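Peer 1:
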Amino acid sequence: MVKIDNIELPDFPLLLAPMEDVSDPPFRALCKENGADVVYTEFISSEGLIRDAAKSVMKLDIYEKERPVGIQIFGANLDSMLRSVEIVEKTNPDIIDINFGCPVKKVVSKGAGAGILKDIDLMVKLTEAMVKHTKLPITVKTRLGWDHDSIRIVEVAERLQDVGCKAISIHGRTRAQMYKGDADWKPIAEVKNNPRMHIPVFGNGDVNTPERAKEMRDVYGLDGAMIGRASIGYPWFFNEVKHYFKTGEHLPKPTIAQRTEMARRHLQMSIDWKGEHLGVVETRRHYTNYFKGIPHFKEYRLKMVTSDDPKDVFDTFDEVEKKFGNAMIPEIG
-14 MVKIDNIELP DFPLLLAPME DVSDPPFRAL CKENGADVVY TEFISSEGLI RDAAKSVMKL
46 DIYEKERPVG IQIFGANLDS MLRSVEIVEK TNPDIIDINF GCPVKKVVSK GAGAGILKDI
106 DLMVKLTEAM VKHTKLPITV KTRLGWDHDS IRIVEVAERL QDVGCKAISI HGRTRAQMYK
166 GDADWKPIAE VKNNPRMHIP VFGNGDVNTP ERAKEMRDVY GLDGAMIGRA SIGYPWFFNE
226 VKHYFKTGEH LPKPTIAQRT EMARRHLQMS IDWKGEHLGV VETRRHYTNY FKGIPHFKEY
286 RLKMVTSDDP KDVFDTFDEV EKKFGNAMIP EIG
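If you read the sequence shown in this note's numbering, its first letter stands for residue -14, the second for the next number, and so on.
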């Protein structure tokens, strides 16, 4: 069993990573149904929260069926972060996660996200202050370091633990790498193997097949995997990993009918939560993976990602289901 503070999780839990414009309530619900053990919100700006910015506040929406659920916030100003904790507490999440890993320029330029990797003392100070400011467990998501020459993740993780962080998720790249190259899990394993570490250490980055998840567990010895890009448009991934762990075999891939039904549900849930325009636009990024591997699919994908009318998108799903039926797509990973 793995525990984040008093939250009990199964052995080697699978966590849905916080992803901007991806891990919203509709997608979190689908991932939860399909085996995710913990889900996280999109990252939320502490400055946006204290200004009552509509987009930031909307991201606080969480639902009972998602639990355990973590709300992730980012920022670099101590007062703003503490005030945002007070706002987040009112929505009663199970976990508050701090984003010390986002590599995007507009976040980093403000010293937030991965930008704080240039100031480890501030990173530790912010974490300690937030731990003292709430009874909710504080966890951290971060990267190996700012660049290859400044990787101090073993020391950093230990310091975060010592000020009260209850779990740490580490992406196996530096900020300088962004999302290029391969994730390096060896430094994450060094964190886990530090005899002074006793909080869960979760790995993130390139967990894109059940075999890779098993490698993270059995070869690198980590406590769990945080799944990001492999789940976009493919919420089945979590159950596929769990089935592989139990049996050593792969689950059959979802049929076209199952894919269109999941895409249909996803779009409808998004419209119900965000309204028609945003619901249609922000679900588009999932369609490539929902229908990955179908030959001669370009015209259907084009319809899905260019139409602003939900009826047209739903009609396209119907066309796909009618044309391709219950075909299997075995080549999808």
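Glycine is no exception: its CB is placed at the ideal position from the N, C-alpha and C atoms. Bear in mind that the values here come from a model prediction, so they are computed numbers and not experimental data.
1) Using the C-alpha atoms, what's the distance from proline 180 back to methionine 254?
2) Taking 8 Å as the limit between beta carbons, can you name the residues of its chain near arginine 68, skipping five residues before and five after?
3) Three or more beta-carbon pairs under 8 Å between the segment 288 to 300 and the segment 233 to 245, yes or no?
4) In whole angstroms, what is the alpha-carbon distance linking glycine 209 and cysteine 16?
5) Quick check: what's the CA-CA separation for valine 125 versus aspartate 300?
6) Flag this pair as yes or no: are the beta carbons of lysine 75 and proline 122 separated by less than 7 Å?
7) Relative to the alpha-carbon of leucine 1, which residue among Val24, Pro10, Met(-14) has its alpha-carbon at the smallest distance?
8) Measure the C-alpha to C-alpha separation of methionine 43 and threonine 119 and round it to an integer number of angstroms.
9) Between the C-alpha atoms of lysine -12 and serine 94, what's the straight-line distance to the nearest angstrom?
10) Would you list the one or two residues that DSSP bridges to glycine 209?
11) Are any of the Cβ atoms in chain D nearer than 7 Å to that of tryptophan 258?
12) Could you spell out the range, first to last residue, of the alpha helix (DSSP H) harbouring isoleucine 105?
13) Mind listing, in chain order, the continuous alpha helix (DSSP H) runs of no fewer than 4 residues lying wholly within the segment 130 to 176?
14) Using the rule of at least 16 other Cβ atoms within 10 Å of the residue's Cβ for burial, across every protein chain shown, is glycine 278 buried or exposed?
15) Which two residues bound the contiguous beta strand (DSSP E) that contains aspartate 82?
16) Under a three-way DSSP split, which group does valine 204 fall into?
17) Please go through the segment 16 to 60 and give each complete beta strand (DSSP E) segment of 3 or more residues, from N-terminal end onward.
18) Near lysine 199, what residues of its chain come up, given a Cβ to Cβ distance below 7 Å and the 5 sequence neighbours on each side ignored?
19) Contact defined as beta carbons within less than 8 Å: I believe glycine 149 pairs with isoleucine 241. What is the distance between those atoms, to the nearest angstrom?
20) Under DSSP, the beta strand (DSSP E) around threonine 194 begins and ends at which residues?
21) Could you tell me the alpha carbon to alpha carbon distance between asparagine 84 and phenylalanine 28, rounded to whole angstroms?
22) Looking at the secondary structure, which residues open and close the alpha helix (DSSP H) in which threonine 291 lies?
23) If you run the structure through DSSP and keep just helix, strand and coil, what is glutamate 316?
24) Measuring straight from C-alpha to C-alpha, what distance separates arginine 160 and glycine 190?
25) Please report the straight-line C-alpha distance between valine 265 and asparagine 274, rounded to a whole angstrom.
26) Report the residue ranges of all alpha helix (DSSP H) runs contained in full by the segment 238 to 277; include only those spanning at least 4 residues, in chain order.
Peer 2: Working from what's here:
1) 45 Å
2) Within the same chain, and ignoring the five residues on either side of arginine 68 in sequence, the residues whose Cβ sits closer than 8 Å to its Cβ are Ser31, Leu34, Ile35.
3) no
4) 16 Å
5) Rounded to whole angstroms, valine 125 to aspartate 300 spans 42 Å at the Cα level.
6) no
7) Val24
8) 22 Å
9) Cα-Cα distance, rounded: 34 Å.
10) Beta-bridge pairing links glycine 209 to Phe187.
11) Of the chains in the structure shown, none is chain D; there is only one protein chain.
12) Its alpha helix (DSSP H) spans residues 105 to 118.
13) 138 to 147
14) exposed
15) 80 to 85
16) coil
17) 23 to 25, 54 to 59
18) Tyr229, Phe230
19) Between isoleucine 241 and glycine 149 the Cβ distance is about 49 Å, and since that is not below 8 Å, they are no contact.
20) Segment: none, threonine 194 is in no beta strand (DSSP E) and carries neither H nor E.
21) If you take the alpha carbons of asparagine 84 and phenylalanine 28, they lie about 7 Å apart.
22) 283 to 291
23) Since pLDDT at glutamate 316 reaches only 49, below the 50 mark, its modelled position is unreliable, and the value read off the structure follows with that caveat. Glutamate 316: coil per DSSP, three-state reduction.
24) 13 Å
25) 16 Å
26) 241 to 259, 261 to 266, 272 to 275
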